[in-house]
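Residue numbers (my numbering): 926 to 1176.
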């Protein structure tokens, strides 16, 4: 056990924001609302500036007004990183129509089947690049992005975004095997101070896998009805806490 240095300053909260969904099924099907979870990181004030991230299941950015609704949320919480599951975007969709002012976008579209798709927006001032996984993840909606800030280049984040649909074109075993190989690889390189795995996994059970990789689920509240289907696992759970609020992005 190492004692804190004498010059260690008090910590302050850093907001990391995560969108969630909830269903109201008491009177039949109703429009599904998005729920905004504020994930507050705590760190020493003498390290790096506050960083914010936002993770959202949009269930189509291609529908009318969705990108404008997302822009309002972004302007409200001012995140540095935005992770979006279920973009429903295809190659026919012009990237300029789904851009956010001040951000660059990394995007994977689902081919052939309807729906799906993921993307990560990062603030233009950040150093961000899409990292090629060691094991081919082509058949999955899975993306790895490395992020660091110019003022703290030695602190690197590995952000992994995954969408696992209720009816997938692959077996659960295949996805678990790929996640195991790729997350183990990124953890073992020692290049990343913080690893975050987020997204909408629906009914996928991966707590044992994540625990074996040293990652902890920090979302401890239901995200849809009474189930926690949207996740945020990290190797630094001591940095995070979660509360819930509403978002403009909804059906």
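Built from N, CA and C at the ideal position, the CB exists for glycine as well.
In the three-state scheme derived from DSSP, where H, G and I count as helix and E and B as strand, residue 1102 is classed as helix. CA-CA distance, residue 1144 to residue 1155, rounds to 8 Å.
Boundaries for residue 1131: no beta strand (DSSP E) harbours it, and the DSSP string shows neither H nor E there. In the DSSP assignment, residue 1161 is bridged to no other residue.
In this structure, 1051 is the residue among 1051, 1083, 1068 and 1086 with its C-alpha nearest to the C-alpha of residue 1076. By the Cβ-count criterion, residue 1107 is buried, with 16 or more other Cβ atoms from all chains shown falling within 10 Å of its own Cβ. DSSP assignment within the segment 995-1051 yields the following whole beta strand (DSSP E) runs of 3 residues or more, N-terminal first: 1006-1010, 1028-1033 and 1043-1048. Residue range 1077-1088 is occupied by the beta strand (DSSP E) that includes residue 1084.
In this structure, the beta-carbon distance from residue 1028 to residue 1047 falls below 9 Å.
With respect to residue 1007, residue 1045 sits close: the two C-beta atoms are nearer than 9 Å.
Comparing alpha carbon positions, the residue from 1128, 1158 and 1130 closest to residue 1140 is 1158. Distances from the CA of residue 1074 to each of 1098, 1161, 1014 and 1054 were compared; the closest alpha carbon is that of 1054.
Each of 994, 1066, 1111 and 1085 was checked against the Cα of residue 1091, and the nearest Cα belongs to 1066.
CA-CA distance, residue 1015 to residue 1127, rounds to 22 Å. Contact annotation: residue 1119 and residue 1087 have beta-carbon atoms that are not nearer than 9 Å.
In the DSSP assignment, residue 1123 is bridged to 1086 and 1157.
One Cα belongs to residue 1001, the other to residue 979, and the distance between them is close to 11 Å. The Cβ atoms of residue 1094 and residue 1161 lie no closer than 9 Å to each other. Annotation: residue 1057 is outside any beta strand (DSSP E) and is labelled neither H nor E by DSSP.
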